[in-house]
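Per the numbering used here, the very first residue in the sequence shown carries number 55; after that it's consecutive. Note that the Cβ used here is the ideal one computed from N, Cα and C, for glycine as well. Quick caveat, the model's predicted, so the values are computed rather than measured. Working notes for the structure below.
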Amino acid sequence: MRERGTPGLKASTLILGAGVSGLSTALALLKHGYYVTLLDRGAVGGESSWAGGGILSPLLPWDYPEPLSRLALHSMAAYANWVADIEVRSGRIAEYWQCGMRVLGATQPDTSLAWCKAHGLTAQLMHTNTGDSLWLPDIAQVRNPCLVAALRAAVVQLGGLIHEHCPAAGVLTQGGRVTAVQTSADTFPADSVVLATGAWSGLGLAGLAATPQIRPIRGQMLLFKLEPDVLDTILYRNGLYLIPRRDGHVLVGSTLEDVGFDKSTDAATRQRLHSDAAELLPALAAVQPVQHWAGLRPGSPDNIPIIDRHPDFDNVFVNTGHYRYGVTLAPASAELLVDVMEGKAPALDATPYRWQAALGRRWTQAL
Ligand SMILES: Cc1cc2nc3c(=O)[nH]c(=O)nc-3n(C[C@H](O)[C@H](O)[C@H](O)COP(=O)(O)OP(=O)(O)OC[C@H]3O[C@@H](n4cnc5c(N)ncnc54)[C@H](O)[C@@H]3O)c2cc1C
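Spelled out as structure tokens, the structure:
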């Protein structure tokens, strides 16, 4: 049996899953004086949090239900300072860049403009010979592997412990509480447990019920390398996006595939993404992708995450189901979860993110 984290004023918390959800929760708890240990079945941030694009906004922000928009806007407002703090603590950069996003082929620009105005997001309608586009200058991005590395270093700098290649298999319980988490080799005691296992949270653990409605949704991505400054803003058209990095890399995404825990990629998708991207940015026609990968998003109906206490145990909490926007939602979700854990009134109405609310949602919409 492992030693419980050093006893102190605040309890020791075991976080299962060290993607952006688990790491941001760890950071928030450490800042509140908790002792934190993270377990990940693979490498830190090696799943969806590594695979994603790092756009810090819902793609068409006006297209989502209010609970998602509210959480996203709260996060987006906090992001620059959140990242700056992580960078100072870690001594690493996350490549936060407010590069803006251009939405081409805007279908109902007046409705979108009205939504942006009502929600405090700057938006400008541009008329070009290829149709209407919307310019959203507030939208920023981070570079996923850099954010994950910086978060990890900040967590360690604050005293967090991280165990990689250490899959949680089940829980030990006593009197309606989880007392420890078991892996194949060890038992980790804890005063509280946070489930942040992304797409895998829909599987549950031995003795711990799975989170409702969460399932893996695969997304394939292509990476290109151009000269720096060929593209200096995010481009979006009809489900496809191009994300420039400062060093000339351009990411192209993505797909929404309901294929279980299968991270394979295919040549037909590679060709389709490449030719669609070259229509938006002709410089891509002449180059081949330098990388092609797939990640598994923690899919949830309406893209609304579950941030709540687990219904079966008083000292187990959940931060998962962020689907397409887990990088965007990380700061606000972590803050909300800590409020829930401490029994404080949250800054946002927490009702839509409750376990109970998730039970009432269904996968009805097309992906
Ligand atoms: C192609 C693609 C593009 C995306 N683009 C964007 C974007 O532009 N902007 C945005 O905001 N979001 C984007 N996302 C979504 C975002 O990446 C996810 O919502 C986010 O990374 C989810 O983070 P997470 O920590 O919950 O999950 P993950 O990063 O998947 O982390 C979960 C972790 O739990 C671990 N785990 C699982 N089971 C166990 C266990 N039993 N014991 C211990 N550990 C376990 C896993 O190994 C994993 O490391 C994209 C996703 C994809 C795939």
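Extent of the continuous alpha helix (DSSP H) run through residue i
i      : result
ASP164 : 163-172
GLY380 : 380-396
THR79  : 74-85
ALA194 : Unbroken run through ALA194: none, as it is neither H nor E.
Any non-hydrogen atom of ligand 1 closer than 7 Å to residue i Cβ
i      : result
PRO400 : no
MET275 : yes
LEU93  : yes
TYR377 : yes
VAL157 : no
ALA82  : no
SER75  : yes
ALA222 : yes
ILE69  : no
ARG206 : no
GLU149 : no
SER308 : yes
ALA239 : no
ARG351 : yes
GLU396 : no
VAL381 : yes
TRP136 : no
LEU226 : no
THR287 : no
SER102 : yes
ILE109 : yes
GLY99  : yes
GLY106 : yes
Residue i, enclosing beta strand (DSSP E) - first and last residue
i      : result
ILE140 : Run containing ILE140: none in the beta strand (DSSP E); it sits in the alpha helix (DSSP H), 120-144.
THR237 : Looking at the DSSP string, THR237 is not in any beta strand (DSSP E), and its letter there is neither H nor E.
ASN198 : Taken as a continuous stretch (DSSP letters only), ASN198 belongs to no beta strand (DSSP E), being part of the alpha helix (DSSP H) at 198-211.
ALA332 : ALA332 -> not in any beta strand (DSSP E); alpha helix (DSSP H) instead, spanning 321-334.
LEU413 : Where LEU413 is concerned, there is no enclosing beta strand (DSSP E), although the alpha helix (DSSP H) it sits in stretches over 409-413.
ALA348 : 345-353
SER66  : 66-70
SER111 : Here SER111 belongs to no beta strand (DSSP E), and DSSP marks it neither H nor E.
LEU190 : 185-190
TYR89  : 89-93
LEU310 : Looking at the DSSP string, LEU310 is not in any beta strand (DSSP E), and its letter there is neither H nor E.
GLY224 : 224-228
ILE361 : 360-363
LEU215 : 215-217
HIS181 : 178-182
ASN373 : 370-374
VAL98  : Neither: VAL98 is in no beta strand (DSSP E) and is coded neither H nor E.
CA-to-CA distance, residue j to residue i, given in whole angstroms
i      : j      : result
MET180 : SER111 : 20 Å
THR319 : GLY87  : 43 Å
HIS364 : ASN183 : 53 Å
THR60  : GLN228 : Any reading at THR60 needs caution, since the residue's pLDDT is 45, under 50, leaving its predicted position unreliable; the model's value is listed next. Looking at the two C-alpha atoms, the distance is approximately 22 Å.
HIS128 : VAL306 : 27 Å
LEU190 : VAL394 : 33 Å
PRO406 : THR67  : 25 Å
ALA208 : GLY76  : 13 Å
ILE361 : LEU391 : 6 Å
ALA264 : ILE193 : 34 Å
ALA331 : LEU310 : 17 Å
LEU70  : LEU81  : 14 Å
LEU63  : ALA244 : Confidence at LEU63 is low in this model, with a pLDDT of 44, below 50, so the placement of that residue should be treated as unreliable; the coordinate-derived value is given next. The alpha-carbon atoms of LEU63 and ALA244 are separated by roughly 14 Å.
ASP286 : ALA126 : 23 Å
THR79  : PRO115 : 25 Å
ARG324 : ILE216 : 35 Å
LEU316 : GLY293 : According to the sequence displayed, residue 316 carries Asp and not Leu. So the alpha carbons of these two residues sit roughly 22 Å apart.
SER102 : ALA348 : 9 Å
GLN236 : PHE242 : 6 Å
ALA65  : VAL370 : 13 Å
TYR345 : ALA250 : Residue identity check: residue 345 is Gln in the sequence provided, not Tyr. Roughly 28 Å separates the two Cα atoms.
VAL341 : LEU335 : 11 Å
SER144 : LYS85  : 14 Å
ALA402 : SER166 : Residue identity differs from the one stated: residue 402 is Leu in this sequence, not Ala. Each residue's Cα considered, the two are about 24 Å apart.
VAL210 : GLU389 : 19 Å
ILE109 : ARG300 : 14 Å
Ligand 3 heavy atom lying under 7 Å from the CB of residue i
i      : result
SER123 : Ligand 3 is not among the ligands present in this structure, which contains only ligand 1.
Next on the checklist: Three Cβ pairs or more, each shorter than 8 Å: is that satisfied between the stretch 281-297 and the stretch 369-380?
Outcome noted: The way I'd put it, the stretch 281-297 doesn't touch the stretch 369-380; fewer than three beta-carbon pairs between them come closer than 8 Å.
Checklist entry - If we count Cβ pairs, one from each stretch, closer than 8 Å, do we get three or more for the stretch 383-391 versus the stretch 129-138? => result Output reads yes: the stretch 129-138 touches the stretch 383-391.
Next on the checklist: Contact between the stretch 189-207 and the stretch 143-151 is defined here as three or more beta-carbon pairs at a separation below 8 Å; is this criterion met?
Outcome noted: Touching, yes, given that three or more Cβ pairs across the two stretches are closer than 8 Å.
Next on the checklist: Pairs of beta-carbons, one from the stretch 91-98 and one from the stretch 110-128, closer than 8 Å: are there three or more?
Outcome noted: Taking a cut-off of 8 Å for Cβ pairs, the stretch 91-98 and the stretch 110-128 do not touch, as fewer than three such pairs fall below it.
Next on the checklist: Using 8 Å as the cut-off, can you tell me whether the stretch 204-211 makes contact with the stretch 150-170, which would need three or more C-beta pairs spanning the two stretches below that distance?
Outcome noted: Contact between the stretch 204-211 and the stretch 150-170 is not established, with fewer than three Cβ pairs separated by less than 8 Å.
Checklist entry - So, do the stretch 348-364 and the stretch 252-260 have three or more beta carbon pairs nearer to each other than 8 Å? => result With three or more CB-CB distances shorter than 8 Å, the stretch 348-364 counts as touching the stretch 252-260.
Checklist entry - Where in the stretch 276-306 do unbroken runs of the beta strand (DSSP E), each at least 3 residues long, occur, reported from the N-terminal end onward? => result Runs of the beta strand (DSSP E) inside the stretch 276-306: 288-291, 294-298.
Next on the checklist: Quick test of the definition: if touching needs 3 or more C-beta pairs under 8 Å, does the stretch 217-225 touch the stretch 254-273?
Outcome noted: Yes, they touch.
Next on the checklist: Taking contact to mean 3 or more Cβ pairs, one atom from each stretch, closer than 8 Å, check whether the stretch 327-341 and the stretch 270-277 are in contact.
Outcome noted: Yes: at least three Cβ pairs fall under 8 Å.
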